[in-house]
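A.B. asks: Quick one: structure below, then a few questions.
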Amino acid sequence: MDPKSDEHDKEMGKNQEGPLTYKVPDEHVFKGVKLHDGMLHEGSEEADIYDNLELTVDDCIVASYPKSGTTWTQEIVWLLHHGADTDKAKETTLTERFSFIEMIQQIRKVPEMLPPKLIKTHVPYSSLPRNYLNNSTTRPKVVYIARNPKDTAVSYFHFYRANRAYGLYKGSWSDFFEMFINEYTVYGCWFKHVVSWHNFAKMEPNILFLKYEDMKKKPTEQIHKIATFLGKDIDKEEVLKLTEHTKFESMKSNKAVNYSSSERIDASVSPFMRKGQIGDWKNYFTVAQNERFMMMYEEKLKGTDLTFEFE
Numbered sequence: 001m002d003p004k005s006d007e008h009d010k011e012m013g014k015n016q017e018g019p020l021t022y023k024v025p026d027e028h029v030f031k032g033v034k035l036h037d038g039m040l041h042e043g044s045e046e047a048d049i050y051d052n053l054e055l056t057v058d059d060c061i062v063a064s065y066p067k068s069g070t071t072w073t074q075e076i077v078w079l080l081h082h083g084a085d086t087d088k089a090k091e092t093t094l095t096e097r098f099s100f101i102e103m104i105q106q107i108r109k110v111p112e113m114l115p116p117k118l119i120k121t122h123v124p125y126s127s128l129p130r131n132y133l134n135n136s137t138t139r140p141k142v143v144y145i146a147r148n149p150k151d152t153a154v155s156y157f158h159f160y161r162a163n164r165a166y167g168l169y170k171g172s173w174s175d176f177f178e179m180f181i182n183e184y185t186v187y188g189c190w191f192k193h194v195v196s197w198h199n200f201a202k203m204e205p206n207i208l209f210l211k212y213e214d215m216k217k218k219p220t221e222q223i224h225k226i227a228t229f230l231g232k233d234i235d236k237e238e239v240l241k242l243t244e245h246t247k248f249e250s251m252k253s254n255k256a257v258n259y260s261s262s263e264r265i266d267a268s269v270s271p272f273m274r275k276g277q278i279g280d281w282k283n284y285f286t287v288a289q290n291e292r293f294m295m296m297y298e299e300k301l302k303g304t305d306l307t308f309e310f311e
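Taking UniProt numbering, I'd label the letters of the sequence shown as residues 1 to 311.
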């Protein structure tokens with residue numbers, strides 16, 4: 001194979017010409033989940049570390065489908081575990097304070113992390129580490145954040161475009177829309193992911209299910225909710241401090257959380273933190289796309305009590 005062509009594929013992704021033929025660099029499946037370059041492979045040493053991960057009730061996992069408010073939730077969780085020390089939070093990047101366990105380089109450091117171990121994941125519930133699924137008495141707390149799927153899709157589109165790990169996607173919004181509704185994106189189907197986590201959150205007291213839209217509209221209430229779930233005492237002044245520190249404008253300008261130093265993100269295409277709005281989907285979805293999507297939304301969520309705000 002021509003080395004130049006191979007390098008081009010690795011950097012830019014393959015088959016840019018069509019929505020359902022596009023592949024991210026080193027696209028592969030791990031535990032039923034589509035992943036990209038730098039992430040876990042079946043049968044690897046890191047996969048063994050993943051499955052045998054030893055976490056305790058004092059540790060915490062922040063889980064989500066991509067582009068749902070994960071970074072926002074991580075920062076709140078970290079601050080609640082560290083006395084609302086916003087100055088200390090600014091000293092170290094979030095990627096150093098949390099371990100993203102699907103990433104090869106990051107899973108290696110988890111066994112040596114000091115408690116409380118703070119973990120990030122985008123996997124669906126069924127793809128969690130085997131040790132978590134098999135040990136119901138020692139499970140860590142899990143904070144799951146979900147965002148309405150139309151805004152998630154738009155945010156994910158821009159993430160695909162700006163992220164080298166996703167091949168700096170060059171396709172149109174219409175093409176990406178087809179990828180999203182056909183379960184072709186990295187991490188797969190939004191509906192299966194969110195519904196699964198929502199169902200298990202109703203059965204397992206160690207899982208807190210949150211919505212991005214609630215956090216956006218009622219931030220102090222949601223911070224209190226997370227603190228109570230984690231068993232952390234927090235006074236009114238600290239809640240206001242965390243609310244100010246974690247509002248979108250503050251996060252976007254905070255180098256510890258905005259990924260401005262990440263080599264993977266091309267901010268000239270789209271910054272990691274773009275708008276943080278509810279309803280940006282209106283600037284992208286056509287009438288036909290919206291009608292088609294809402295039919296799917298109603299069908300996929302039928303029989304659940306799960307609803308989302310779209311504006």
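The beta carbon of each residue, even a glycine, is placed where N, CA and C say it ideally should be.
1. Kindly list the residues whose CB is nearer than 8 Å to the CB of S127, restricted to its own chain and excluding five residues on each side of it in sequence; keep chain order.
2. Using the Cα positions of I101 and Y50, report the straight-line distance between them to the nearest angstrom.
3. Span of the beta strand (DSSP E) holding S64?
4. Can you give me the C-alpha to C-alpha distance between M1 and R130, rounded to a whole angstrom?
5. For T121, which three-state DSSP category applies?
6. Quick one: using the 10 Å Cβ neighbour count with 16 as the cut-off for buried, is G83 buried or exposed?
7. So N182 and L20 are in contact, right, with Cβ under 8 Å, and what is the actual spacing, rounded?
8. Suppose you measure from the CA of E96 to the CA of K117; what does that come to, to the nearest Å?
9. Do the stretch 136-147 and the stretch 199-210 meet, that is, are 3 or more Cβ pairs less than 8 Å apart?
10. By DSSP's criteria, I145 is part of a beta bridge. Which residues make up the other side?
11. Does the count of Cβ pairs from the stretch 218-227 and the stretch 147-163 closer than 8 Å reach three?
12. Quick check: what's the CA-CA separation for C60 versus F310?
13. Taking M103 and G38 to be in contact with their CB atoms under 8 Å, please state how far apart those CB atoms are, rounded to whole angstroms.
14. Just verifying my parser: in three-state terms, what is the DSSP assignment at K232?
15. I'd like to know whether the C-beta atoms of S155 and K282 end up nearer to each other than 7 Å.
16. When DSSP labels each residue in this structure, what does G13 get in the three-state scheme?
17. Just curious, the alpha helix (DSSP H) that K247 is in, first and last residue?
18. Taking its Cβ as the centre, do 16 or more other Cβ atoms sit within 10 Å of K150, making it buried, or is it exposed?
19. What is the DSSP secondary structure of H8, counted as helix, strand or coil?
20. Give the DSSP bridge partners of H28, in chain order.
21. Counting only the same chain and skipping the five closest in sequence on each side, list residues whose C-beta sits under 7 Å from that of K4.
22. Of the choices T228, V239, F229 and K216, whose alpha-carbon is the least far from that of E249?
23. Give a yes or no on whether the C-beta atoms belonging to T304 and V195 are separated by under 7 Å.
24. Give the DSSP-derived three-state secondary structure of N52 in the structure shown.
25. For the alpha helix (DSSP H) that contains F200, what are its first and last residues?
26. Is M113 helix, strand or coil when you go by DSSP?
27. To which residues does DSSP link K150 through a beta bridge?
28. Roughly how many angstroms lie between the CA atoms of Q74 and H122, to the nearest whole one?
29. Can you pull the DSSP bridge partners for F100?
C.D. replies: Walking through what the data contain:
1. Leaving aside the five residues that flank S127 on each side, the residues in its chain whose CB is nearer than 8 Å to its CB run, in chain order, F30, K31, G32 and V33.
2. Their Cα atoms are separated by approximately 7 Å.
3. S64: member of the beta strand (DSSP E) spanning C60 to S64, first to last residue.
4. Residue placement at M1 cannot be trusted, given a pLDDT of 30 that sits under 50; the coordinates are not used to answer.
5. If DSSP states are grouped into helix, strand and coil, T121 belongs with the strands.
6. When all chains shown are included, G83 counts as exposed.
7. Confirmed, about 6 Å.
8. Distance between the alpha carbons of E96 and K117: 12 Å.
9. Output reads yes: the stretch 199-210 touches the stretch 136-147.
10. Bridge partners of I145: S64 and L210.
11. Between the stretch 218-227 and the stretch 147-163, the count of Cβ pairs shorter than 8 Å is below three; the stretches do not touch.
12. If I take the Cα positions, the gap works out to 29 Å.
13. At roughly 6 Å, the Cβ-Cβ gap stays under 8 Å, so M103 and G38 are in contact.
14. Reduced to three states, the DSSP call for K232 is coil.
15. Going by C-beta atoms, S155 is not nearer than 7 Å to K282.
16. At G13, the pLDDT of 40 sits below 50, so the modelled position is not reliable and the matter cannot be decided from this model.
17. DSSP places K247 outside any alpha helix (DSSP H), giving it a letter other than H or E.
18. K150 is buried by the Cβ-count criterion.
19. In this prediction, H8 scores a pLDDT of 35, lower than 50, which makes its location untrustworthy; no coordinate-derived value is stated.
20. According to the DSSP secondary-structure assignment, H28 is paired through a beta bridge with L35.
21. Bear in mind that the predicted position of K4 carries a pLDDT of just 33, short of 50, making it too unreliable to give a figure here.
22. Considering only alpha carbons, the answer is K216.
23. It is a contact, given that the beta carbons lie within the stated cut-off.
24. Note: N52 maps to coil in three-state DSSP.
25. Residues W190 to M203.
26. Shown here, M113 sits in coil according to DSSP, grouped into three states, outside any helix or strand.
27. Paired residues: none, contrary to the question.
28. CA-CA distance, Q74 to H122, rounds to 13 Å.
29. Note: F100 sits in a beta bridge opposite K120.
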